[in-house]
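Numbering (UniProt numbering), first residue to last: 1 to 152. Here the structure is laid out as structure tokens; the discussion comes afterwards.
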DNA sequence: GCCAACGTTGGC
DNA sequence: GCCAACGTTGGC
């Protein structure tokens, strides 16, 4: 099973939203970057995903979620009122994808970005590469275990 | 708020 | 196809 990491501002959708959704899935929509979209499309049911909090007071990995529904056309691209509306996309040829995610567990403590940067063996992690703005990215098995082991 | 890095757009 | 201008991301 593949492993992934998704970024989100907790004010938009963070680990607390998953905790409060009580096992219900949350649509992961609004991704409007082609590289991120391509990774979304590769997600399969049962894949595990790190949830990363960005642009906030406590930046870092906050929890683990899982893919409960693989990629489907992101409905927000067809909604004129949505901030994610894309007039160039059509239902016949949808441009953007979404997946459904649900909580696995909130980490006992958030792993701060600074700490991730200090961990040996994470040099390949796209998250830590300079200038990386990718919001959906694969995580290697090795990196996954390093991070999860560190989370305790 | 600042600013570096990046992605996208659009004129040519 | 090139590339400058612009908008966005995201850490600090």
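Note that the Cβ used here is the ideal one computed from N, Cα and C, for glycine as well.
(message) Looking only at its chain, what residues have a beta carbon closer than 6 angstroms to the beta carbon of residue 21, apart from the 5 residues adjacent to it on each side?
(response) If you number the first chain from 1, residue 21 lands on position 21. Excluding sequence neighbours, residue 21 sits near nothing in its chain.
(request) Tell me whether the beta-carbon of residue 101 lies closer than 7 angstroms to the beta-carbon of residue 4. (result) The residue labelled residue 101 in the question sits at position 101 within the first chain. The residue labelled residue 4 in the question sits at position 4 within the first chain. Contact: no.
(message) Comparing C-alpha positions only, which one of 58, 81 and 18 sits nearest to residue 30?
(response) Position 30 of the first chain, counted from the start, is the residue given in the question as residue 30. Nearest C-alpha to residue 30: 81.
(message) Taking contact to mean 3 or more Cβ pairs, one atom from each stretch, closer than 8 angstroms, check whether the region 131–140 and the region 37–50 are in contact.
(response) yes
(message) What does DSSP give as the partner residue(s) for residue 66 in the beta ladder?
(response) Locating residue 66 in the first chain gives position 66, counting from the first residue. Bridge partners of residue 66: 48 and 102.
(request) Write down the C-beta distance between residue 15 and residue 62 rounded to the nearest angstrom, noting that I regard them as a contact closer than 8 angstroms. (result) If you number the first chain from 1, residue 15 lands on position 15. If you number the first chain from 1, residue 62 lands on position 62. That belief holds up - the Cβ atoms of residue 15 and residue 62 are roughly 4 angstroms apart, short of 8 angstroms.
(request) Check whether the Cβ of residue 17 sits closer than 6 angstroms to any heavy atom of the ligand MN, and report yes or no. (result) Although the ligand MN was asked about, the structure shown includes no ligands whatsoever.
(message) Please classify residue 52 as buried or exposed, where buried requires at least 16 other C-beta atoms within 10 Å of its C-beta.
(response) In the first chain, counting from the first residue as 1, residue 52 sits at position 52. Label assigned to residue 52: buried.
(request) With DSSP collapsed to three states, give me the class of residue 60. (result) Position 60 of the first chain, counted from the first residue, corresponds to residue 60. It is a strand residue.
(request) Measure the alpha-carbon distance for residue 1 versus residue 87 and round it to whole angstroms. (result) Taking the first residue of the first chain as 1, we reach residue 1 at position 1. Taking the first residue of the first chain as 1, we reach residue 87 at position 87. Their Cα atoms are separated by approximately 35 angstroms.
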